[in-house]
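Numbering (this note's numbering), first residue to last: 7 to 106.
Every residue, glycine too, gets a C-beta built ideally from N, C-alpha and C.
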Amino acid sequence: AYVKVSLTSGDNKKIKKKKTTTKKGVSNPVWNEALSFDVTEDDLKHCHLVVSVVNCHHGHSPLLGTCVLGHRGHGQGSVHWDAMVQTPRKAIAMWHQLYI
Numbered sequence: 007a008y009v010k011v012s013l014t015s016g017d018n019k020k021i022k023k024k025k026t027t028t029k030k031g032v033s034n035p036v037w038n039e040a041l042s043f044d045v046t047e048d049d050l051k052h053c054h055l056v057v058s059v060v061n062c063h064h065g066h067s068p069l070l071g072t073c074v075l076g077h078r079g080h081g082q083g084s085v086h087w088d089a090m091v092q093t094p095r096k097a098i099a100m101w102h103q104l105y106i
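What follows is the structure, given as structure tokens:
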């Protein structure tokens with residue numbers, strides 16, 4: 007499995023995407039990896055991150071779940087985004103529920 011993170015504009019166009027390393031043969035994978043995107047302060051007001059967990063298994067990659075951080079996020083996704091915007095260049099770790 008791996009995590010794919012897409013930086014998306016306000017009109018839902020992917021600006022940039024990154025992914026973590028793939029964890030194979032692990033039933034409860036943990037990714038303690040930093041994925042950084044260069045975004046202007048003004049663009050932060052209009053973009054969001056789509057975080058997807060993908061299971062790579064036998065030639066196909068089913069989506070396990072997704073969460074959204076940013077202006078399109080809700081609940082914890084919005085809280086995490088606000089904390090990140092208020093403390094730029096500082097890593098903010100937080101757990102998120104995945105939605106299918």
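- Here Val91 has Leu50 as same chain residues with Cβ atoms under 6 Å from its own Cβ, once five neighbours each way along the sequence are excluded.
- Annotation: the continuous beta strand (DSSP E) that includes Leu55 extends over 54 to 60.
- Remark: C-beta atoms of Gly76 and His102 do not approach each other more closely than 8 Å.
- With fewer than 16 other Cβ atoms inside 10 Å of its own Cβ, Cys62 counts as exposed.
- For the pair Val59 and Ala97, the CB atoms are not nearer than the 8 Å cut-off.
- In the three-state reduction of the DSSP assignment, Val11 falls in the strand class.
- The beta carbons of Ser12 and Lys20 sit closer together than 8 Å.
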